[in-house]
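Working notes for the structure below.
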Amino acid sequence: MLERLHEQREAVTTALCLLGKNTLCLSNEELSMIHLTIEALRPFEEATREVSAEKHVSVSKVIPLVSLLLRAAAATECQGSSLATDLALQCQRRFRGIETFHSLAASTFLDIRFKNLAFRNRDNVETMKKRMLTEMQEVHQPTSESPPPGSTSAPVPSSASAPMPRFASPVTPASTPSSAPATAKGGIWADFDIQVLSAQQHRSTGTDALIEMRRYLEEKLIPRDQDPLHWWQEHEQTFPSLSRLAAKYLGFIASSVPSERIFSKAGELVSQRRNRLKGENVNMLLFLNKNL
């Protein structure tokens, strides 16, 4: 409404003067105040439209939008708008620790359109990455454990089948390691071998997760109007652990906008001229109107 009034200010002033209502004309100071109000509220309207989307990922946009709102409010505040000052203070108070919410931070990081560029505090990025590495290791855990080392002994080639190295002394049966058959039978080294195997698997899993995250950070950002879910579908084999986390965190914000749209459309369908419609017919008309 304020935008239309500001756009049509000359036509409104002319119409009021022709009607002899000069006292209702807005002064230059009031028009300037309306302009500053529009500039202060426009970013919030755009942010509301972004997070109210139903067909695209929206939860990953929360942190970038908050950062952009703070910048826009600060820029409008420099123009002398008291409304922008209040909006900036309220945003700082309400969204101060929004980057510490892991679900929001992870969704923004896993959105290939933003990654870690949307964060204002790099410490929050490092905290989120550490927790995500832990989740990647849990996702990457092997389903079945391989037998401990030494449970099966490789056949030792005989002197007839393989030539003896020139300066190597022949291996006698007394010098062969005896831990392998003992471990296979559950001997004294069994617990230690299992502990070594577990440590090797944990180190391998952590290394794989770190390498996968580094490769993801090296990927180029895609344009903002593209779908990140489609990108993850194409790169699922390249980033197996991160793709599972992306399917977990990339979602939509719970909003009342869809239901409000339906109620608004129902009010248009059921009017004083069409108040004889049955309930089942109203539901059918609403369904057709929203899906066609």
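Residues in the sequence shown are numbered consecutively from -4, following our numbering.
For glycine and all other residues, C-beta sits at the position ideal for the given N, C-alpha and C.
No experiment lies behind these values; they were computed from the predicted model shown.
To the nearest angstrom, how far is the alpha carbon of residue i from that of residue j?
i, j, result
"S47", "F247", "9 angstroms"
"E130", "H230", "19 angstroms"
"A113", "S22", "41 angstroms"
"S76", "E24", "12 angstroms"
"E72", "T80", "5 angstroms"
"Q221", "E213", "19 angstroms"
"Q190", "W184", "10 angstroms"
"C20", "S250", "40 angstroms"
"L224", "G274", "38 angstroms"
"A100", "L31", "32 angstroms"
"R209", "E121", "13 angstroms"
"V7", "M28", "17 angstroms"
"K125", "G182", "39 angstroms"
"A69", "Q228", "39 angstroms"
"T43", "H51", "14 angstroms"
"Q232", "R91", "37 angstroms"
Here's the rule I'm using: 16 or more other beta-carbon atoms within 10 Å means buried, otherwise exposed. How should residue i be labelled?
i, result
"I206", "exposed"
"A67", "buried"
"C86", "buried"
"F234", "buried"
"M279", "exposed"
"S98", "exposed"
"D188", "buried"
"N119", "buried"
"L240", "buried"
"A35", "buried"
"A83", "buried"
"K56", "buried"
Can you list, in chain order, the residues of its chain with a C-beta nearer than 8 angstroms to that of residue i? Leave out the 5 residues immediately preceding and following it.
i, result
"N17", "L11"
"N116", "E94"
"R219", "R108"
"S156", "Any reading at S156 needs caution, since the residue's pLDDT is 40, under 50, leaving its predicted position unreliable; the model's value is listed next. Same-chain partners within the cutoff: there are none."
"L283", "none"
With a CB to CB cut of under 7 angstroms and the five nearest residues on each side skipped, what residues in its chain are close to residue i?
i, result
"W226", "I107 and I217"
"I33", "L(-3), E(-2) and H1"
"Y211", "F234 and L237"
"N111", "F104 and V120"
For the alpha helix (DSSP H) containing residue i, name the first residue and the last one.
i, result
"M131", "R117 to V134"
"H1", "L(-3) to E2"
"Q85", "S77 to R89"
"K50", "Neither: K50 is in no alpha helix (DSSP H) and is coded neither H nor E."
"I107", "Neither: I107 is in no alpha helix (DSSP H) and is coded neither H nor E."
"Q228", "P223 to E229"
"T233", "Element bounds for T233: n/a, residue is neither H nor E."
Would you mind giving the Cβ-Cβ distance between residue i and residue j, rounded to the nearest angstrom? I have them listed as a contact below 8 angstroms.
i, j, result
"A204", "L128", "5 angstroms"
"S102", "L245", "6 angstroms"
"R(-1)", "L26", "R(-1) to L26, Cβ: 13 angstroms. No contact."
"P59", "F104", "In fact, because the Cβ distance is near 11 angstroms, the residues do not count as touching under 8 angstroms."
"S53", "E41", "That pair is no contact at about 13 angstroms."
Please return the same chain residues whose Cβ sits closer than 6 angstroms to the Cβ of residue i, not counting the five positions on each side in sequence.
i, result
"L65", "C86"
"D186", "none"
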